[in-house]
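Asker: Pasting in a structure now, in structure tokens, and then I'll have a few things to ask.
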Amino acid sequence: EAQVTQNPRYLITVTGKKLTVTCSQNMNHEYMSWYRQDPGLGLRQIYYSMNVEVTDKGDVPEGYKVSRKEKRNFPLILESPSPNQTSLYFCASSLLRGSSSYNEQFFGPGTRLTVL
Amino acid sequence: QKEVEQDPGPLSVPEGAIVSLNCTYSNSAFQYFMWYRQYSRKGPELLMYTYSSGNKEDGRFTAQVDKSSKYISLFIRDSQPSDSATYLCAMSATNQGGKLIFGQGTELSVKP
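As they're listed, the protein sequences go chains A and B.
Take the first sequence: its letter number 26 is residue 26 in the numbering used here, and every next letter is one higher.
In the numbering used here, each number is its position in the second sequence, counted from 1, plus 116.
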């Protein structure tokens with residue numbers, strides 16, 4: 001089954017304790033992205049990657065790191081989480097090549113993070 | 117001012133009603149317009165997409181884009197309780213699956 005998986009789905013942690021949220025896709029997509037979703041603010045892009053070893057900042061990158069060592073994986077790293085990073089996080093992936101049709105972004109199930 | 121504005125609702129309608137969801141935007145470079153549906157505790161899923169201006173129909177759903185007014189709409193006919201979800205508009209300047217700009221999302225509840 002074509003899918004984007006994220007782990008963990010739920011996480012409660014404390015300020016300053018490093019954590020990693022994993023993201024993996026099995027569709028051989030070039031493009032991968034991380035979003036956070038907050039009430040009243042919608043989905044905002046944190047980081048994205050257009051291919052292996054190619055990453056770039058989105059709209060709200062502060063406090064986050066990513067890496068893309070393999071095509072299928074795109075982990076999100078919070079080196080020193082703070083309470084304002086409490087949010088719902090989504091990983092997404094899509095093809096990245098010219099086409100007459102829109103290249104749909106497929107989303108993972110989400111990771112709900114609480115930082116105390 | 118946000119690039120994409122969407123009324124967050126919540127919107128509650130009776131079963132069978134026609135639902136109209138709307139977004140406005142400010143960036144004239146947007147060419148691809150999407151509607152994603154997000155059920156509770158799930159990730160967003162693409163419902164419909166439209167390129168440039170015009171209408172697109174898929175069953176009970178119709179998407180409209182008016183680039184001159186920078187306004188997009190999603191209409192749901194004969195709404196069902198299973199349509200209860202959050203609907204997010206999204207826009208992109210390219211078709212390459214790159215950066216999407218999302219609206220805030222409208223929470224819809226269809227009552228039996």
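We treat Cβ as the ideally placed atom computed from N, Cα and C, and that holds for glycine.
#1: Chain B partners of A:G63, CB-CB under 7 Å?
#2: Measure the C-alpha to C-alpha separation of A:M32 and A:S94 and round it to an integer number of angstroms.
#3: From A:G16, A:L11 and A:H29, pick the residue whose C-alpha is nearest to that of A:V4; which is it?
#4: Taking just the CA atoms, how far does A:G40 sit from A:R68?
#5: I'd like the span of the beta strand (DSSP E) that includes B:A179, first residue to last.
#6: By the 9 Å beta-carbon criterion, what residues does the region 150-163 of chain B contribute toward chain A?
#7: Chain B partners of A:L113, CB-CB under 7 Å?
#8: In this structure, how does DSSP classify B:D199 when only helix, strand and coil are distinguished?
#9: So with Cβ pairs under 8 Å, would you call B:P126 a contact of chain A?
#10: Does DSSP put A:N103 in a helix, in a strand, or in coil?
#11: Just reading off the beta strand (DSSP E) that A:K57 is part of, what are its end residues?
#12: Please classify A:M27 as buried or exposed, where buried requires at least 16 neighbouring CB atoms within 10 angstroms.
Answerer: With the structure as the only source:
#1: Within the first sequence, numbered from 1, the residue matching residue 63 of chain A stands at position 63. Those within 7 Å of A:G63 in chain B number zero; the least Cβ separation is about 20 Å.
#2: Translated into the one-based positions of the first sequence, residue 32 of chain A becomes position 32. Translated into the one-based positions of the first sequence, residue 94 of chain A becomes position 94. The alpha-carbon atoms of A:M32 and A:S94 are separated by roughly 7 Å.
#3: Taking the first residue of the first sequence as position 1, residue 4 of chain A is located at position 4. Ranking A:G16, A:L11 and A:H29 by Cα distance to A:V4 puts A:H29 first.
#4: Your numbering for residue 68 of chain A matches position 68 in the first sequence. Your numbering for residue 40 of chain A matches position 40 in the first sequence. Cα to Cα, the separation comes out at about 30 Å.
#5: The count along the second sequence starts at 1 and reaches residue 179 of chain B at position 63. Per DSSP, B:A179 belongs to the beta strand (DSSP E) from F177 to D182.
#6: Correct list: M150, Y152, Q154, R157, K158, G159, P160, E161 and L162.
#7: Position 113 of the first sequence, counting from 1, holds the residue named residue 113 of chain A. For a Cβ distance threshold of 7 Å, nothing in chain B lies close to A:L113: the least Cβ distance comes to about 14 Å.
#8: The residue given as residue 199 of chain B occupies position 83 in the second sequence. Helix.
#9: Along the second sequence, one-based indexing puts residue 126 of chain B at 10. No, its Cβ sits nowhere closer than 8 Å to a Cβ of chain A.
#10: Mapped onto the first sequence, residue 103 of chain A falls at position 103. Coil at A:N103, not helix or strand.
#11: Here residue 57 of chain A corresponds to residue number 57 of the first sequence, with the count starting at 1. First-last of the beta strand (DSSP E) with A:K57: V54 to K57.
#12: In the first sequence, counting from the first residue as 1, residue 27 of chain A sits at position 27. The residue in question, A:M27, is exposed, as its Cβ has fewer than 16 Cβ neighbours within 10 Å.
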